[in-house]
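Q: Below you will find the structure I want to go over with you.
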């Protein structure tokens, strides 16, 4: 899931090239803000740009948390909420198929399932929770 968040963030920043190059959807920040404005037509383009920035920052944080295995449960709940909001906006303002074309509902569901897992064995969270013997000096 971390890579699944990181790649679209990199696409928005134009790291992989322009729109349509190498399968890019947006290819630059301006195109992404325009799409964000489509999902939030009740705000102006300026406010859509702010929300696009906040969503991109959240996605980058979720990506790094998932990849590093740090605060997985918190990241998973945040991811679920963010993608659920995306999917509802897509359904309302783009059409019913949009969240399925971008697998947004899959990410939301997967995030929820990940949040319910009681223990993340191969993660920084697991390393932090291992009991270390008390040493008294």
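Numbering (our numbering), first residue to last: 592 to 728. For each residue, glycine too, the CB sits at the ideal point set by N, CA and C.
1) Comparing C-alpha positions only, which one of 707, 665 and 683 sits nearest to residue 649?
2) How about the segment 650-664 and the segment 680-692: do they share at least three Cβ pairs that are nearer than 8 Å?
3) Are at least three pairs of beta-carbons, each pair with one atom in the segment 595-606 and one in the segment 653-660, less than 8 Å apart?
4) For residue 695 and residue 678, which I take to be in contact (beta-carbon distance under 8 Å), what is that distance rounded to the nearest angstrom?
5) Tell me the rounded alpha-carbon separation between residue 550 and residue 628.
6) Just the Cα atoms here: how many angstroms apart are residue 647 and residue 672?
A: Let me lay it out:
1) That would be 665, whose Cα lies nearest to the Cα of residue 649.
2) No contact exists between the segment 650-664 and the segment 680-692.
3) Enough Cβ pairs lie closer than 8 Å, so yes.
4) 4 Å between Cβ atoms; contact.
5) Lying before the first or after the last residue shown, residue 550 is absent from the chain, which here runs from 592 to 728.
6) Distance between the alpha carbons of residue 647 and residue 672: 14 Å.
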